[in-house]
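Beneath this line is the structure, given in structure tokens, with notes to follow.
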Amino acid sequence: MVKFNFHTHTKYCDGSAKPQAYIDKAIELTFSAIGFSGHAPVPFSNEWSIKPEQLNNYCQEIKELKELYKNKIPIYLGLEIDFIPSITTRFELIKKQQQLDYHIGSVHFVKHPENKELWFIDGPEQGYIKGLSEIFKNEPQKAIETYYHQICEMVASEKPDIIGHFDKVKMHNRNRFFSEEESWYQRIIKETLKIIANSNSIVEVNTRGIYKKKTDTLFPDISILEQCYMLKIPITLSSDAHKPEELKNYFSETLDILKCVGFKHLTMLNGNNWEKVEIIRN
Ligand SMILES: [Zn+2]
Ligand SMILES: [Zn+2]
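Sequential numbering from 0 applies to the sequence shown in numbering that gives the first Met the number 0.
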């Protein structure tokens, strides 16, 4: 069974433990690699991203651990970087400055195209609902389309190595404000995937929604995974772990789902290259 995880959060941001605890757990679980993807600072204060003054320490600590554990497990230094048009720092600049091995591009804040206010789709459900009504004036279609347009713009302009939790915007919806069956939703998914298929980005299959019981389906949904498969979009698997014990949550179930869809490979970083690894279950 493939065992690695490139989406993890430590105490430097909103995770629970020090980086070393994740590495020790990964070794215990016989992982072939582990990547750290702390939330990159954003230019406004919040509770969950690495504080700007801590960013160098985070990168330094992971680099030291890389060296310390070099004969035990490959460790990769990454960041989960928010993309908010004309607000966040260019991914390549951060990658170069911090000598990152990789980045995950994610949209947690949706910027209204006209009033420029930010709708926070993560965090408590009340914020999601409030943003839909106050920022997007109860126009869920406009809100969701703006989210996917932002993903498209991120893929085109920032070229993230990995696209984080592709359809996270569905998380607090639970079929109340829109249905994923609606034709406009299907259309925007199709358009977004077409852009991804023409890029070098990898779509992340993220299990966190399920094991945290916030969604009934993976990020992304199976019907989206089927389209990824048809479009030959490479995928990777992660649990978006915020605790060492979450490192492989819902992995075996997800691998079964991916095999059913038809996937034979996952993509992981090996040295400087993204490589295909075969999905084998024992
Ligand atoms: Zn995220
Ligand atoms: Zn994350």
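Don't be surprised by glycine CBs; every beta carbon is placed ideally from N, CA and C.
For clarity, every value in this text was computed on a predicted model and none was experimentally measured.
N- and C-terminal bounds of the alpha helix (DSSP H) containing residue i
{"i": "S48", "result": "Element bounds for S48: n/a, residue is neither H nor E."}
{"i": "L257", "result": "F250 to V260"}
{"i": "G34", "result": "G34 -> not in any alpha helix (DSSP H); beta strand (DSSP E) instead, spanning A32 to H38."}
{"i": "H102", "result": "No alpha helix (DSSP H) holds H102; the beta strand (DSSP E) holding it covers Y101 to S105."}
{"i": "H148", "result": "P139 to E157"}
Supposed contact pair residue j and residue i - C-beta distance, whole angstroms, cut 8 angstroms
{"i": "I221", "j": "I195", "result": "That pair is no contact at about 17 angstroms."}
{"i": "S48", "j": "P40", "result": "5 angstroms"}
Residue i CB to nearest heavy atom of ligand 1 below 7 angstroms
{"i": "H102", "result": "no"}
{"i": "H164", "result": "yes"}
{"i": "S200", "result": "no"}
{"i": "S105", "result": "yes"}
Alpha carbon of residue i to alpha carbon of residue j, nearest angstrom
{"i": "S44", "j": "Q53", "result": "13 angstroms"}
{"i": "P112", "j": "E179", "result": "22 angstroms"}
{"i": "T216", "j": "S251", "result": "15 angstroms"}
{"i": "I86", "j": "Q98", "result": "22 angstroms"}
{"i": "P139", "j": "Y11", "result": "34 angstroms"}
{"i": "D95", "j": "P159", "result": "One detail in the question is off: residue 95 reads as Lys in this sequence, not Asp. Roughly 13 angstroms between the two C-alpha positions."}
{"i": "H241", "j": "I162", "result": "18 angstroms"}
{"i": "E60", "j": "L78", "result": "13 angstroms"}
{"i": "S156", "j": "F90", "result": "9 angstroms"}
{"i": "A20", "j": "N114", "result": "43 angstroms"}
{"i": "D121", "j": "E277", "result": "32 angstroms"}
{"i": "E190", "j": "I143", "result": "13 angstroms"}
* To do: Please list, in chain order, all residues with a C-beta atom less than 5 angstroms from at least one heavy atom of ligand 4.
  => With respect to ligand 4, the structure offers nothing, as its ligand set consists of ligand 1 and ligand 2.
* To do: Would you check if the segment 70–86 and the segment 118–136 touch, i.e. whether three or more CB-CB distances between them fall below 8 angstroms?
  => no
* Asked: Touch check for the segment 199–219 and the segment 234–241: three-plus C-beta pairs under 8 angstroms?
  -> yes
* To do: Evaluate contact between the segment 100–116 and the segment 147–160, counting only Cβ atoms and requiring at least three cross-stretch pairs below 8 angstroms.
  => yes
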